[in-house]
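According to full-length UniProt numbering, the sequence shown holds residues 1 to 411 in order. Backbone N, C-alpha and C fix where the C-beta goes; we use that ideal spot for every residue, glycine too.
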Amino acid sequence: MAKKLGRGEYKVAWICPLEVEQIAAMEMLDEEHEALPQPAADHNVYSLGSINGHNVIIAGLHQTGNCPAATVVAQMKMTFPNLRFGLLVGIGGGVPVQTDNGMIRLGHVVVSKPTGEHSGAVQYDHGKAREGRFQRTGALAPPPAALLNAAQALAVRRARAENDPVQQNVKRIDTNRRRLRHFRYPCAENDHLYHSEYRHLQPGIPCNIGCDPLQRIPRARDDEEEMYITVHRGNIASGELVIKDATLRDELAQQYELLCFEMEAAGVLTDFPCIVVRGISDYCDSHKNDQWHGYAAAVAAAYARQLFFHLPVEEIQRLLRVTGAKHFVARNEELGLLHDALKWTGERRTAVLHGMGGMGKTQLAIAYTKRHRNDNSAVIWLNAKDETTLKQDFQQLAQRILRDLSAKCRD
Numbered sequence: 001m002a003k004k005l006g007r008g009e010y011k012v013a014w015i016c017p018l019e020v021e022q023i024a025a026m027e028m029l030d031e032e033h034e035a036l037p038q039p040a041a042d043h044n045v046y047s048l049g050s051i052n053g054h055n056v057i058i059a060g061l062h063q064t065g066n067c068p069a070a071t072v073v074a075q076m077k078m079t080f081p082n083l084r085f086g087l088l089v090g091i092g093g094g095v096p097v098q099t100d101n102g103m104i105r106l107g108h109v110v111v112s113k114p115t116g117e118h119s120g121a122v123q124y125d126h127g128k129a130r131e132g133r134f135q136r137t138g139a140l141a142p143p144p145a146a147l148l149n150a151a152q153a154l155a156v157r158r159a160r161a162e163n164d165p166v167q168q169n170v171k172r173i174d175t176n177r178r179r180l181r182h183f184r185y186p187c188a189e190n191d192h193l194y195h196s197e198y199r200h201l202q203p204g205i206p207c208n209i210g211c212d213p214l215q216r217i218p219r220a221r222d223d224e225e226e227m228y229i230t231v232h233r234g235n236i237a238s239g240e241l242v243i244k245d246a247t248l249r250d251e252l253a254q255q256y257e258l259l260c261f262e263m264e265a266a267g268v269l270t271d272f273p274c275i276v277v278r279g280i281s282d283y284c285d286s287h288k289n290d291q292w293h294g295y296a297a298a299v300a301a302a303y304a305r306q307l308f309f310h311l312p313v314e315e316i317q318r319l320l321r322v323t324g325a326k327h328f329v330a331r332n333e334e335l336g337l338l339h340d341a342l343k344w345t346g347e348r349r350t351a352v353l354h355g356m357g358g359m360g361k362t363q364l365a366i367a368y369t370k371r372h373r374n375d376n377s378a379v380i381w382l383n384a385k386d387e388t389t390l391k392q393d394f395q396q397l398a399q400r401i402l403r404d405l406s407a408k409c410r411d
């Protein structure tokens with residue numbers, strides 16, 4: 001019989017957008033737990049379980065992108081109030097550059113790590129058009145120190161281990177089962193990198209039929225690559241665009257020191273501390289296909305599982321909750337100003353909190369809301385990081401109100 005825990009006992013979130021990524025994540029659990037009831041406002045679907053003593057929730061997305069990811073995180077934090085941090089795990093597009101661990105190839109893993117002047121994740125499509133050029137603005141939060149330390153400890157262990165623990169985790173997925181065969185290793189012979197200026201000529205026609213093999217870039221083979229999962233750590237790009245242009249890939253990669261592209265990190269990292277783990281399934285060029293999706297999802301999940309063996313359970317227990325500082329230092333002057341600005345006077349009132357990142361704006365808003373929760377019939381959180389996200393939140397709010405009104409009418 002599956003174990004049943006309370007919602008407050010889950011401390012770590014594993015977020016994965018695609019179905020293939022969710023299946024791989026489920027295969028990495030030591031045990032699965034019984035599902036729990038959710039608030040009516042939470043439309044996410046969760047799988048619950050544990051890895052090495054850590055209680056984990058696996059949350060999927062109904063579609064890819066930063067906005068859906070932000071919505072999932074907001075609802076998830078409401079349902080599981082004691083979440084400390086998360087792992088954003090899945091597939092991504094690789095930049096074929098050289099790192100300390102060799103050239104990035106299909107089936108490798110890229111993990112976010114602060115590099116240069118960047119935090120480990122870069123939202124490359126968020127900014128302003130100024131004087132005829134695009135200027136990126138804002139910065140995403142770096143991975144939590146506990147996860148960075150775990151990644152470093154895992155790297156040391158792998159360097160000294162006779163058998164790669166990440167590769168051993170990949171074997172947890174029984175690819176002999178018919179419905180799991182797509183997680184098999186596609187073999188290095190199916191890893192082709194084309195010159196950046198050479199585009200896929202015939203849509204719908206596989207590269208081995210429609211593309212010129214002379215346009216492939218010759219690369220040396222690693223005899224051990226099937227037995228050892230290569231991991232690269234550095235900056236990962238996040239944006240709303242599916243990058244299928246090698247020239248654009250190379251320009252952005254050079255500008256921001258990028259190793260990988262994906263589409264959810266910016267939405268998650270806005271309000272939830274995370275480390276990003278991506279299995280490389282393509283090269284962000286016009287030759288993109290699904291052949292490596294399964295294996296890339298498997299190696300990313302296998303790496304993520306190993307991180308839990310380098311996260312002390314006691315350390316997770318003592319970390320502050322992301323939903324509100326446990327030891328919030330009273331800022332009575334600011335709380336008083338907020339109350340004066342927002343108290344009801346017969347007309348609509350607005351207050352704006354502004355300041356540098358990390359100065360405590362979110363914690364101040366949470367403290368105010370908790371202190372005056374009985375003064376209001378409802379409190380609504382809207383993500384206004386950009387116009388698209390705000391419109392989406394308003395749309396979801398309207399749908400929620402209509403559902404509630406409909407339910408009251410039926411009653």
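CB-CB length for residue i against residue j, believed under 8 Å
i, j, result
"Pro-186", "Tyr-295", "6 Å"
"Ile-236", "Glu-257", "Actually they are not in contact, since the Cβ atoms of Ile-236 and Glu-257 sit about 11 Å apart, beyond 8 Å."
"Leu-193", "Ile-229", "No, Leu-193 and Ile-229 are not in contact; Cβ-Cβ is about 19 Å, not under 8 Å."
"Lys-3", "Glu-21", "Their Cβ separation, rounded to whole angstroms, is 24 Å, which puts Lys-3 and Glu-21 out of contact at 8 Å."
"Val-72", "Leu-88", "Rounded, the Cβ-Cβ distance is 11 Å, inconsistent with contact."
"Ser-112", "Val-12", "That belief does not hold up - the Cβ atoms of Ser-112 and Val-12 are roughly 16 Å apart, past 8 Å."
"Asn-55", "Glu-9", "5 Å"
"Ala-150", "His-310", "4 Å"
"residue 412", "Ile-280", "With the chain covering 1 to 411 only, the question about residue 412 has no answer from this structure."
"Gln-215", "His-200", "Gln-215 to His-200, Cβ: 10 Å. No contact."
"Glu-264", "Thr-64", "7 Å"
"Arg-221", "Val-109", "The pair is not a contact, with the Cβ atoms about 19 Å apart (cut-off 8 Å)."
"Gly-94", "Cys-260", "6 Å"
"residue 428", "Gly-6", "With the chain covering only 1 through 411, there is no way to say anything about residue 428."
"Leu-364", "Glu-334", "6 Å"
"Ala-145", "Gly-267", "That belief does not hold up - the Cβ atoms of Ala-145 and Gly-267 are roughly 22 Å apart, past 8 Å."
Sequence-distant residues of the same chain with beta carbon closer than 6 Å to residue i, five excluded per side
i, result
"Ile-58", "Trp-14, Ala-25, Ser-47"
"Asn-101", "Thr-230, His-232"
"His-182", "Gly-294"
"Thr-175", "Arg-181, Phe-183, Arg-184"
"Ala-384", "Leu-390"
"Met-28", "Ala-301, Arg-305"
"Ile-209", "none"
Residue span of the beta strand (DSSP E) that contains residue i, given as start and end
i, result
"Gly-234", "231-238"
"Val-72", "Premise fails: Val-72 lies in the alpha helix (DSSP H), 66-79, not in any beta strand (DSSP E)."
"Ala-2", "Element bounds for Ala-2: n/a, residue is neither H nor E."
Neighbourhood of residue i by C-beta, 8 Å cutoff - its chain only, sequence neighbours within 5 removed
i, result
"Gln-306", "Leu-154, Pro-165, Val-166, Asn-169"
"Arg-349", "Ala-341, Leu-342, Lys-343"
"Gly-44", "A small correction: the amino acid at residue 44 is Asn; Gly does not occupy that position in the sequence shown. Gln-38, Ala-59, Gly-60, Val-72, Gln-75, Met-76, Thr-79."
"Leu-397", "Ile-380, Leu-382"
"Val-97", "Met-103, Ile-104, Ala-253, Leu-259"
"Arg-249", "Gly-93, Val-95, Ser-196, Ile-243, Phe-261, Tyr-283, Cys-284, Asp-285"
Extent of the continuous alpha helix (DSSP H) to which residue i belongs
i, result
"Asp-282", "Not the alpha helix (DSSP H): Asp-282 falls in the beta strand (DSSP E), residues 274-282."
"Glu-27", "19-27"
"Glu-262", "Glu-262 -> not in any alpha helix (DSSP H); beta strand (DSSP E) instead, spanning 258-262."
"Tyr-295", "293-307"
"Val-268", "265-269"
Beta-bridge pairing of residue i - partner residues as DSSP gives them
i, result
"Glu-32", "Gly-49"
"Trp-14", "Ile-58, Leu-87"
"Arg-249", "DSSP, once it has assigned bridges, lists no residue as partnering Arg-249."
"Arg-216", "Tyr-194"
"Arg-371", "Answer is none; Arg-371 lacks a bridge partner."
Residues near residue i by beta carbon distance below 7 Å, same chain, minus five either side
i, result
"Leu-252", "Tyr-124, Ala-237, Leu-258"
"Val-119", "With the sequence shown as reference, residue 119 is identified as Ser, and Val is not the correct amino acid for it. Hits under 7 Å: Ala-139, Leu-140, Ala-141, Pro-142."
"Val-313", "Gly-53, His-54"
"Thr-369", "Val-379"
"Leu-269", "Ala-121, Leu-140, Ala-141"
"Ala-351", "Leu-338, Ala-341, Leu-342"
"Gln-291", "Pro-186, Asn-190"
"Leu-241", "Asp-125"
Residue-level contact to chain B via CB, residue i, 7 Å cutoff
i, result
"Tyr-228", "No chain B appears in the structure shown, which is made up of a single protein chain."
Which ranges does the beta strand (DSSP E) cover as unbroken runs of at least 3 residues, wholly within the stretch 84-127, from first to last along the chain? 85-94, 109-112, 121-123
Ordered list of alpha helix (DSSP H) runs contained in the stretch 143-207, each at least 4 residues: 145-160, 165-170
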